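Working notes, beginning with the structure itself.
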Amino acid sequence: MSPVRTLAAAATAGVLLAGMAVAPAAAAPISIGGATVSHRTSIKESLRVDRVPTPRMNWAECDEGAECATVDLPLDYDDPKGPTTQVAVVRVKARDQKRKIGSLFINPGGPGVPAIDTVLASPYFLSDVLLERFDIVGMDPRGVGASNPIRCFRSAGEQARAYEGLNVAFPYTEAEEKAYLASSIAVGKACSTTGKPISGAMSTAQVARDMEVLRRAVGDKKLTYLGYSYGSILGQYYANMFPDRVRAVAIDGVLDATAWLGGGKYGDLDQESRMRSAQGAHKALSEILKRCKTVGPDVCPLAPGDPAAKFELAMQRLKAGPVVIDLPYLGPRPFTYTSFIGYVLRLMYYPWNDFDIVWLTAEVLRLTDPMASEADREQARAALAQRLARANIDDIPYDNMMEAFLGVDCTDANHPKDVASWPARAARADKRDRYFGRLWTWTSAPCARGSWTVRDEDRFTGPFNRRTANPVLVVGNYWDPSTNYNGAVSTSKLLPNSRLLSSDSWGHTAYGTSACVTDAMDAYLLRVTLPRKGTVCKGDIQPFQEVPEFAATTRAQVSGSDMAAQSAPRRGTPKQLPPVVAPLPVATLSGR
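The opening position of the sequence shown corresponds to residue 351 in the working numbering, with each subsequent residue numbered one higher.
Here you go:
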């Protein structure tokens, strides 16, 4: 994605700070519907954000039907007149301005993923009813994308040398683990020094404060918000920091904020052991393999027999040694056990890729079969090369995607101190949740607090159980491979004024996977109307079933920027799934 280029025309527009500071809200209880709401924005938090003058948004056209602006916001809200950081903002204006409800803020996840491209692509994945009634607004969080980006290294060459050990989906061999540890230390130290001051000011709490100021700047009395994946953490932080300022907060693909933060009852547990993303991924893969056996060999190439056992055999063969795939334009590349698992996880982000997973496994089995003919092995090698070539990511001069991810995660959470403990932690996680435990555990290794030493003294550490002025909608997907469904369940129990909407859906996040989920979320955002308690939807795309006719036109595998570059779709055009981005950089054959 290239939001910097998208905003180039608006970069000089600037923002004037105008008006007097808003007086802090009183902390007395208020009554809503006869019930006393005991939690309001704290006096301390009110003083931080309300004394910041309301920015005057100097919008400038930056894309067909969209406007962009930049705002200068306090680097440290305890010092509102001190150093600032620039935040890039975009909006797609409501089609019916006379009946506009307000603004719908969107965050697509990550952390560290720009929101601007997602908002520019919103006509492709949001329902027409939302596009009619809301200005769709997104900001690239501080340190991310077109906002002043975090930059932990002085050059792309210096970055590449430090990242060398990270260029795997996750380390498996002892040599890979040693290299990954060294790179994790290098990145942690660089971001704690060269990356300052923004690296110490990227916590989710700071982004929530930015969003609160921007909520005021666009003229909304309360916040309307839709957050996917990590965006669910931002939504929870906002709801608990500013509970009386919530109009509607819908979070989809939910991470438990207490597990994200850690500490307390979690002790020294690493983030994966707290959140159990690998459990969700393993559960989804196991169910795909189970259904493969049910549908038989006419549909699934791993049947007859035990598909799970065949998958394990393929993994054992790749663990014994990589296979070499000759990729078009790239030449011979090793295809390893770790790259296979990383690729399978990425495939599971979409609900239609069940056949690709079993097909890929079958081709690995054919390629590694000692009894196969040379002709069979070459056919398998060619088939894999053709499929895997489409998974590569082009190189760019300086990619700060990982630094943006770490700048939020490492600053937010209570990570273990000693990075040398990660190999043992990852091994335990893999025993607990086979295949994916190591992958998810290693993601946070650069955050070890012995090497990532920069801190944000104003990060938010809870509580996460405040009663909001209006209810929060919590959406969980049974088969999400990234945000474990259990996170939605625990979050809904923690938030006293919330409702859980469950969905028997596939892929990462649920909006757009069925009319049931989409209509319920739309109704909530439009009218703050909750689905009935206990509602369970079902995804329209299920493994090894005929794909609905709309799927060919409603599945988005392109980036938000590519979608936005096209002409906006007409009203009534079938929608695509939102271009939710993986919450961690997963390596492919071409690198990160």
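In this text, a Cβ means the ideal position worked out from N, Cα and C, and glycines have one as well.
From a predicted model like this one, the values you see are computed outputs, not experimental measurements.
DSSP, reduced to helix, strand and coil, places GLU662 within a helical segment of the structure shown.
Of the candidates LYS450, VAL518, ASP428, the residue whose Cα lies closest to the Cα of ILE486 is LYS450.
The closest CA to that of SER689, considering only LEU480, ASP783, TYR828, GLU526, is found on GLU526. Within the stretch 862-888, the beta strand (DSSP E) runs of at least 3 residues that lie entirely inside it are, in chain order, 886-888. Fewer than three beta-carbon pairs drawn from the stretch 849-856 and the stretch 615-625 are found closer than 8 Å, and the two stretches are therefore not classed as touching.
Judged by beta-carbon spacing, ARG809 lies within the 8 Å limit of ASP762, meaning their Cβ atoms are closer than that value.
Between VAL604 and ALA838, the C-beta spacing is below 8 Å.
The residues TYR575, GLY577, VAL599, ILE601, in chain order, have a CB closer than 6 Å to that of GLY585 in the same chain once the five nearest residues on each side in sequence are set aside. Going by DSSP, ILE675 is part of no alpha helix (DSSP H) but of the beta strand (DSSP E) stretching over 673-677. Residue pairing by DSSP places ASN457 opposite GLY577 in a beta bridge. Burial is judged here by how many other beta carbons sit within 10 angstroms of a residue's own beta carbon; GLY922 has fewer than 16 and is exposed. Minimum Cα-Cα distance from LEU564 among the listed residues ALA540, VAL399, TYR861 corresponds to VAL399.
Counting the other Cβ atoms within 10 Å of the Cβ of GLN736 gives fewer than 16, which makes it exposed. It is roughly 10 Å from the alpha-carbon of ASP422 to the alpha-carbon of ASP560.
When Cβ pairs closer than 8 Å are counted between the two stretches, the stretch 546-561 is seen to touch the stretch 494-504, the count reaching three or more. Around the beta carbon of ARG483, a 10 Å sphere encloses 16 or more other beta carbons of the protein chains shown; the residue is thus reported as buried. The straight-line gap separating the alpha-carbon atoms of LEU677 and GLN926 is approximately 30 Å. If you look at THR420, you'll find it in the beta strand (DSSP E) that goes 416-424. Following the DSSP letters along the chain, one finds PHE755 inside the alpha helix (DSSP H) bounded by residues 751-762. Fewer than three Cβ pairs drawn from the stretch 668-686 and the stretch 862-875 lie within less than 8 Å of each other, which leaves the two stretches out of contact.
Fewer than three beta-carbon pairs drawn from the stretch 407-424 and the stretch 814-827 are found closer than 8 Å, and the two stretches are therefore not classed as touching.
When secondary structure is reduced to three states using DSSP, SER623 falls in the helix class. The C-beta distance from ILE691 to TYR785 rounds to 5 Å, short enough to fall under 8 Å. Taking all protein chains in view, the Cβ of GLN629 is crowded by 16 or more other Cβ atoms within 10 Å, so the residue is classified as buried.
The three-state reading of DSSP puts MET591 in helix, counting H, G and I together. The C-beta distance from LEU652 to VAL708 rounds to 5 Å, short enough to meet the 8 Å contact threshold.
Residues GLU713 of the same chain have their beta carbon placed closer than 6 Å to that of ALA733, with the five preceding and five following residues left out of the count. Residues of the same chain with a CB within less than 7 Å of the CB of SER579, apart from the 5 flanking positions on each side, are GLY459, GLY603, SER832, THR833, HIS858, THR859, VAL930, PRO933 in chain order. For a cut-off of 8 Å, the C-beta gap from ALA776 to ARG788 is around 4 Å, short enough to register as a contact. Looking at the DSSP output, ILE486 sits in a beta bridge with VAL442, LEU454. The alpha-carbon separation between ALA754 and PRO461 amounts to approximately 7 Å. Spatial neighbours of SER534 in its own chain (CB-CB distance under 8 Å, excluding positions within 5 residues in sequence) are listed in chain order as GLY515, LEU516, VAL769, TRP772, ALA795, PRO796, ALA798, SER801.
Measuring C-alpha to C-alpha distances from ARG626 to each of VAL694, LEU697, GLY612 identifies GLY612 as the nearest. Residues of the same chain with a CB within less than 6 Å of the CB of PRO430, apart from the 5 flanking positions on each side, are ARG401, VAL402, PRO424 in chain order. Excluding the 5 residues flanking it on each side, ASP478 has same chain C-beta neighbours closer than 6 Å at ARG921, in chain order. Taking every protein chain shown into account, the CB of ILE393 has fewer than 16 other CB atoms within 10 angstroms, so this residue is exposed.
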